[in-house]
Amino acid sequence: MKNSKNQRIIKSGLRISSRYKLRTFFMMLGVIIGITALTLALTIGNGIEKKIKDNVSKLFNNKNVMISAQKIQVEEVRETDKGPNTSLKIDDIDAIANEVNDLVIYDYLNMLPEQEIKYKQNNTTTTIKGCSAIGEIVWNRPV
0 MKNSKNQRII
10 KSGLRISSRY
20 KLRTFFMMLG
30 VIIGITALTL
40 ALTIGNGIEK
50 KIKDNVSKLF
60 NNKNVMISAQ
70 KIQVEEVRET
80 DKGPNTSLKI
90 DDIDAIANEV
100 NDLVIYDYLN
110 MLPEQEIKYK
120 QNNTTTTIKG
130 CSAIGEIVWN
140 RPV
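Structural data, given as structure tokens:
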């Protein structure tokens with residue numbers, strides 16, 4: 000009984016599909032495009048996620064230590080010394096490096112926030128970052 004009901008439903012569906020060929024074609028095309036777009040979006044998303052994780056693991060693995068010295072600006076006017084030391088110098092970093100056992104290589108990253116850059120008649124405000132000559136090796140980045 001149930002088998003004959005299923006057969007009737009399938010036959011009816013095939014008959015209607017063959018009667019309205021253009022509508023059936025567009026419906027199938029829509030389903031194919033939708034599935035393809037979804038698959039493509041998931042594939043691209045997974046690829047980007049993997050690439051970002053690989054880049055982060057290259058830069059910051061379990062053997063890296065980052066020490067930051069910066070001022071924290073509060074309410075756009077007043078600077079406060081909450082958090083890290085604001086007077087860390089390159090000599091301090093060298094002293095820390097001498098105290099750390101099994102340290103193979105290190106580098107310091109200098110940053111000048113919000114500096115005005117002028118070139119001919121153009122000017123802009125930007126952050127300037129720089130490192131030592133071995134920065135390319137330490138940070139595993141080509142310059």
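Mapping to numbering that gives the first Met the number 0: the sequence shown position 16 is 15, numbers consecutive. Backbone N, C-alpha and C fix where the C-beta goes; we use that ideal spot for every residue, glycine too.
Hey, quick one: how far does the alpha helix (DSSP H) through Asn-54 stretch, first residue to last?
Taking the sequence shown and counting its residues from 1, the one referred to as residue 54 is at position 55. Where Asn-54 is concerned, the enclosing alpha helix (DSSP H) stretches over 20-58.
Asn-122 lies in the beta strand (DSSP E); which residues open and close that run?
Within the sequence shown, numbered from 1, the residue matching residue 122 stands at position 123. Its beta strand (DSSP E) spans residues 121-130.
Could you give the DSSP three-state label for Leu-13: helix, strand or coil?
Mapped onto the sequence shown, residue 13 falls at position 14. Three-state result, Leu-13: helix.
Given a cut-off of 9 Å on the beta-carbon distance, is the pair Asp-106 and Ile-133 in contact?
Translated into the one-based positions of the sequence shown, residue 106 becomes position 107. Translated into the one-based positions of the sequence shown, residue 133 becomes position 134. Yes, Cβ-Cβ distance for Asp-106 and Ile-133 is below 9 Å.
Rounded to whole angstroms, what's the CA-CA distance from Tyr-19 to Leu-28? Just pull it up for me.
Here residue 19 is taken as the residue at index 20 of the sequence shown, counted from 1. Here residue 28 is taken as the residue at index 29 of the sequence shown, counted from 1. Taking the straight line from one Cα to the other gives about 14 Å.
Below 6 Å CB to CB, which residues in the same chain sit around Thr-124 once its five sequence neighbours on both sides are set aside?
Residue 124 sits at position 125 when you count from the first residue of the sequence shown. Hits under 6 Å: Glu-113 and Glu-115.
If we call anything under 9 Å between Cβ atoms a contact, is Cys-130 one with Leu-111?
The residue given as residue 130 occupies position 131 in the sequence shown. The residue given as residue 111 occupies position 112 in the sequence shown. Not a contact, by the Cβ cut-off of 9 Å.
What distance in whole Å lies between the Cβ atoms of Ala-94 and Leu-102, which are believed to be in contact at a cut-off of 8 Å?
The count along the sequence shown starts at 1 and reaches residue 102 at position 103. The count along the sequence shown starts at 1 and reaches residue 94 at position 95. Not a contact, Cβ separation roughly 12 Å.
Can you tell me which of the three DSSP states Ile-89 falls into?
As a first step, residue 89 must be located in the sequence shown, where it is residue number 90. Helix, per DSSP.
So for Ile-104, helix, strand or coil by DSSP?
Here residue 104 refers to the residue found at position 105 of the sequence shown. It is coil, neither helix nor strand.
Three-state secondary structure (DSSP) at Ile-116?
As a first step, residue 116 must be located in the sequence shown, where it is residue number 117. The answer is strand: DSSP assigns Ile-116 an E or B state.
Can you tell me the Cα-Cα spacing of Lys-70 and Val-99, whole angstroms?
Reading the sequence shown from its first residue, position 71 is the one you call residue 70. Reading the sequence shown from its first residue, position 100 is the one you call residue 99. With a pLDDT of only 49 at Lys-70, under the threshold of 50, the placement of this residue in the model should not be trusted, and no figure is reported.
With respect to 8 Å, is the separation between the Cβ of Glu-135 and the closest non-hydrogen atom of the ligand GTP below this value?
Because no ligand of any kind appears in the structure shown, any question about the ligand GTP cannot be addressed here.
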